[in-house]
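Below is one structure, written out as structure tokens, with a few remarks after it.
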Amino acid sequence: MDNAFDTALKWSQYLHHRVQFNPHLQEQIIQDAQNSITSLTIQQWFDEENATYRSDDPIEQHKITLRLLRQRVFSALILRDIAQQASFEEVTQAMSALADFAIKIAYHDVYQSLCEVHGTPVHANGSPMNLIILGMGKLGGQELNVSSDIDLITLYADEGETTGRRPISYHEFFSRLTQRMMPILSEQTAQGFVFRTDLRLRPDGDSGPLAWSLEALENYLILQGREWERYAWLKARVIPLGVDQSEDLNYLESIRRPFVYRKYLDFNTLSSLRQLHDMIREDWSKKVNKRNFVENDDNIKLGDGGIREVEFIVQVQQLIRGGRIPDLRVSNLLTALDKECEYGIIEPQDAHSLKEAYLFLRRLEHFIQYRQDAQTHLLPHDTDTLTLLAETLGFPSLEVFKQTLNAHRSFVNQRFHRVFHTDQEDNAEDHQLEALIQSSFEASQTQEISQRIKLFLEGSKIRRLSETSRNKVMQILPRIIQESKLTAEPKQACLLFLDLLEHIAQRSVYLSLFVEYPATITRIANMIAASPWAAQFLIQNPLLLDSVIDWSQLMQEIDFNSLKQQLSQHLKDAVLPDGRSDIEQQMNIMRDMQKQIRFQILAQDLGGKIQVETIADLLSATADMFLASALNCVWKDLRETKFPQAPENANFAIIAYGRLGGKELGYESDLDIVMIYDDKRPEALEQYTLLARRLTTWFTTMTPSGRLYDIDLRLRPDGDAGLLTISLDAFKNYQLNHAWLWEHQALSRARFVAGETALGEAFEDFRKEILSQVRDPQTLKKEIVEMRQKISDGHKNPTPLFDLKYDKGGMVDIEFMVQYLILSYAHQYPDLMKNLGNIALLKMCANYGFIPQALGLECANIYRTYRATQHKCRLQSQGLGRVPVEDVQTEREKVCQLWEAVFKQPR
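Structure representation (structure tokens):
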């Protein structure tokens, strides 16, 4: 540490000056620097300094002891940092803890003195009312630099009047309190200062009151709050004063959060922050023009690739996405950067490089400030001092230091330009739309497209736009035409994109998205050229548009374990002020996440990354996840509000049937479910019936985020006339004694998806018991063929096209054959009872020899082809899945041949 102290003395003129005039300080500084500096250290040192100086006036005493404390902390940090004993986090957190501590001391001193004269402000319930002090900027993020101003905003809960011997209004009381705190912190005395303090971030700046009531703040932010203030309030943090302010802080957060974090993805933030960045740079340039020796590269905070650009890169994503991703609502920059990497907003390599650059620049900033304890961000101008700085930082030479600095700043600046598109030129007005249309589409299409664009521009939605939004539309249109031209279906892509643009035009945030991220236009054009259904999905859910920005993230394999953790955390965070679960918010969280997952599957589907079986598996896994989560949420709410004595975990299970049971779900499939319970308590039926009803409502209710799923309960015992939920014993009795054969067929595709695991296992054991019953083959054939005929009679096809699902030789024929084979042979071949899907089961039957092997394998592949074709029809908005007969004539004949082989009668 002695060698480090010599280095510190050589670099820091501040430290050298202190020791020169007080040689005894060297031993103390070295001793102080032996251990990490924490909040406890600061309290201990304050007590020590307080013990050496006594005054009858606590304010005057603390003005001195806080300054002596600041000298100790600053000097020890210099030595620890130069000796590479203190991390960046220790330095910034120590300074932030010092600021918190000093503010707390100054506050209580002044508060007590004012209360003695004017009386104590109180809430309506009689409890003392305290000032709410917000640390903004780096203090808010607990990342204060070593010679920094602190930005504060002071607030109070309600208006009123004190009742002391000289009563004053609360407004005057807290304004005086704020005013009298400032000299304690920032006045320059013989011992220096504690922190320079800035109150200009408060509403109305220097022209506004020093302290604001929460109600006045709310009105201001709603009516006058500006974009740069959202940026400022992003990092707001309440300074802990050691008093209970929970109710006031809850009210404050209810004001702050919707102002800073918009419910929608706010891409207008990009242009707003770009303007703020330019304004800050312009203001700084005006100041340094008087000192023409100062170059842009000299300023490591405001110059190109400086600290401010890193902050803007990270914080713009918080402002854009924080309304939708609660984990981004943090004030610390490095924590926010880690979260953005975790959510795939910033690539891991970019996040790592940004973090390294930020840590390097911030440490360099500290070393510059250690020099003279000055709030500066300018590199030394003369070579000798710059060389000494490089050596103190541990670089072997000035050249290596400059190379490292330039590499970090170059990366940051390039990343900044990528995010903010600062080099983008607005040349949309130069495009001649008609000429572009003529050159982009076939002659037979140009008239229709020209007419559609004309109607689009003359439509009421576009005419009502502001000039700024209309300019954005005119900037976007040429790109839509150009990108549509390059797709497989140019006309379809262009017309559908115009429908989408018209739908979102009133929301400038989406226009800003297309302007700021033009690559999204390319990707969306390709998607809707491939699928009109995808276009409608986007029109109905424009919040998904932001997902297209990071295409690589959209193409990644879906990690359901991670999604379950995220969903669980988001649902847990959705609480009302009284601590109860916010049901509406939870429902919307599920709906928004479901759309995001479906869109990711859709993007991979249209991109040819996944096959139809994988699509169905993913969609089924998605439904499984939401069924389990909804069950947990609803039961928790019922226990809190209606059944406090009910067991913590419901002895309840959700059984999937049909397409969900067979893991063959489509994008718009209903969920066929049956709900059972196993609970002998007298009140169990009533409780679980309400649970089933609430679950159904949870899924089918239309909220601002839409509907989660349509639920079909008709496969439960006794169908629509039956109970919503039934006990396991009653279910068994029904299946054994009253069920129709088709209900046993349906069991072949049933599976447990959510609820109590033991009950799910009991259901599966009983399911196998039913499926493995020995049946008379002839009776079984007769009943299944009759049931198949009933289905045909109920799904007449009046067209000359082939219905892939219901027509003779179609998918239902294959499904019925598989179900017949399961019910015939499961008692001998238990593998048939596994819920493997029709393709795998048909292949298994072929390999066991129940059907002609070659024909059985062919029909398994035909079923896959049918499913893929049906899927394509739906993506083309041809929902019924009907195709020309000649396209599937061979496949149809093969299925009919297999039918004849299985049932010994022609199909």
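So the sequence shown is numbered by numbering that gives the first Met the number 0: it starts at 0 and just counts up by one. Just so you know, even glycine gets a beta-carbon here, dropped at the ideal spot from N, CA and C. Quick caveat: nothing in here was measured; it's all calculated off a predicted structure.
Determine the burial state of residue i: buried for a count of at least 16 other Cβ atoms within 10 Å of its Cβ, exposed for fewer.
{"i": "residue 426", "result": "No answer about residue 426 holds up, because its pLDDT of 38 lies below 50 and its placement is not dependable."}
{"i": "residue 650", "result": "buried"}
{"i": "residue 221", "result": "exposed"}
{"i": "residue 110", "result": "buried"}
{"i": "residue 773", "result": "exposed"}
{"i": "residue 402", "result": "exposed"}
{"i": "residue 23", "result": "exposed"}
{"i": "residue 485", "result": "exposed"}
{"i": "residue 886", "result": "exposed"}
{"i": "residue 423", "result": "Residue placement at residue 423 is flagged as unreliable, the pLDDT there being 42, under the threshold of 50; the coordinate-derived value follows with that caveat. Result: exposed."}
{"i": "residue 129", "result": "buried"}
{"i": "residue 628", "result": "buried"}
{"i": "residue 225", "result": "exposed"}
{"i": "residue 67", "result": "buried"}
Give every residue of the same chain whose Cβ lies closer than 7 angstroms to the Cβ of residue i, excluding the five residues on either side of it in the sequence, and list them in chain order.
{"i": "residue 397", "result": "385, 386, 389"}
{"i": "residue 205", "result": "199"}
{"i": "residue 275", "result": "227, 230"}
{"i": "residue 521", "result": "482"}
{"i": "residue 478", "result": "517, 520"}
{"i": "residue 146", "result": "368, 372, 373, 374"}
Considering only their Cβ atoms, is the gap separating residue j from residue i smaller than 8 angstroms?
{"i": "residue 724", "j": "residue 674", "result": "yes"}
{"i": "residue 669", "j": "residue 655", "result": "no"}
{"i": "residue 148", "j": "residue 368", "result": "no"}
{"i": "residue 155", "j": "residue 212", "result": "yes"}
{"i": "residue 476", "j": "residue 526", "result": "no"}
{"i": "residue 660", "j": "residue 750", "result": "yes"}
{"i": "residue 590", "j": "residue 702", "result": "yes"}
{"i": "residue 510", "j": "residue 443", "result": "no"}
{"i": "residue 882", "j": "residue 864", "result": "no"}
{"i": "residue 697", "j": "residue 633", "result": "yes"}
{"i": "residue 269", "j": "residue 419", "result": "yes"}
{"i": "residue 908", "j": "residue 202", "result": "What is shown of the chain runs 0 to 906, which leaves residue 908 out entirely."}
{"i": "residue 366", "j": "residue 392", "result": "yes"}
{"i": "residue 332", "j": "residue 139", "result": "no"}
{"i": "residue 161", "j": "residue 210", "result": "no"}
{"i": "residue 662", "j": "residue 720", "result": "no"}
In its own chain, which residues sit with a C-beta less than 8 angstroms from the C-beta of residue i, not counting the 5 before and 5 after it?
{"i": "residue 755", "result": "648, 649, 650, 651, 652, 677"}
{"i": "residue 27", "result": "71"}
{"i": "residue 498", "result": "534, 538"}
{"i": "residue 624", "result": "559, 562, 563, 566"}
{"i": "residue 892", "result": "808"}
{"i": "residue 21", "result": "none"}
{"i": "residue 737", "result": "716"}
Excluding the 5 residues flanking residue i on each side, which residues of the same chain have their C-beta closer than 6 angstroms to its C-beta?
{"i": "residue 378", "result": "297"}
{"i": "residue 394", "result": "400"}
{"i": "residue 272", "result": "311, 315"}
{"i": "residue 411", "result": "304, 308, 309, 356"}
{"i": "residue 262", "result": "322"}
Please confirm whether residue i has its beta-carbon closer than 8 angstroms to some beta-carbon of chain D.
{"i": "residue 722", "result": "Chain labels in this structure do not include chain D; a single protein chain is all it has."}
Q: Evaluate contact between the region 494-514 and the region 563-581, counting only Cβ atoms and requiring at least three cross-stretch pairs below 8 angstroms.
A: no
Q. So does the region 809-818 actually touch the region 829-841, counting three or more Cβ pairs closer than 8 angstroms?
A. yes
Q) Is the number of C-beta pairs between the region 178-197 and the region 95-102 that are closer than 8 angstroms three or more? A) Enough Cβ pairs lie closer than 8 angstroms, so yes.
Q: Give a yes or no on contact between the region 124-139 and the region 232-245, applying the rule of three or more CB pairs nearer than 8 angstroms.
A: yes
Q) Do the region 525-543 and the region 561-581 meet, that is, are 3 or more Cβ pairs less than 8 angstroms apart? A) no
Q | Segment contact, 8 angstroms Cβ cut-off, at least three pairs: the region 111-126 with the region 299-317 | A | no
Q. Which runs of the alpha helix (DSSP H) spanning at least 4 residues fall entirely within the region 823-881, listed in chain order?
A. If only complete runs of 4 or more residues are kept, the region 823-881 shows the alpha helix (DSSP H) at 837-847, 852-874, in order along the chain.
Q) What residue ranges within the region 170-225 form continuous beta strand (DSSP E) runs of no fewer than 3 residues, ordered along the chain? A) Correct list: 210-212.
(Q) Using a Cβ distance threshold of 8 angstroms, determine whether the region 48-56 contacts the region 1-20, with at least three qualifying pairs required. (A) At 8 angstroms Cβ cutoff, the stretches do not touch.
(Q) Measuring CB atoms only, is the region 760-775 touching the region 741-748, in the sense that at least three cross pairs come out at less than 8 angstroms? (A) Touching, per the Cβ criterion.
**Q.** Start-end ranges of the alpha helix (DSSP H) lying completely within the region 23-56, minimum 4 residues
**A.** 24-31, 38-51
Q) With a cut-off of 8 angstroms, do at least 3 Cβ pairs link the region 82-102 to the region 161-168? A) No, because fewer than three Cβ pairs between the region 82-102 and the region 161-168 fall closer than 8 angstroms, the two stretches do not touch.
(Q) At 4 residues or longer, what runs of the alpha helix (DSSP H) sit wholly inside the region 303-353? (A) 306-320, 332-341
Q: Identify every run of the alpha helix (DSSP H) within the region 520-544, keeping only runs that are complete inside it and at least 4 residues long; order them along the chain.
A: Correct list: 531-539.
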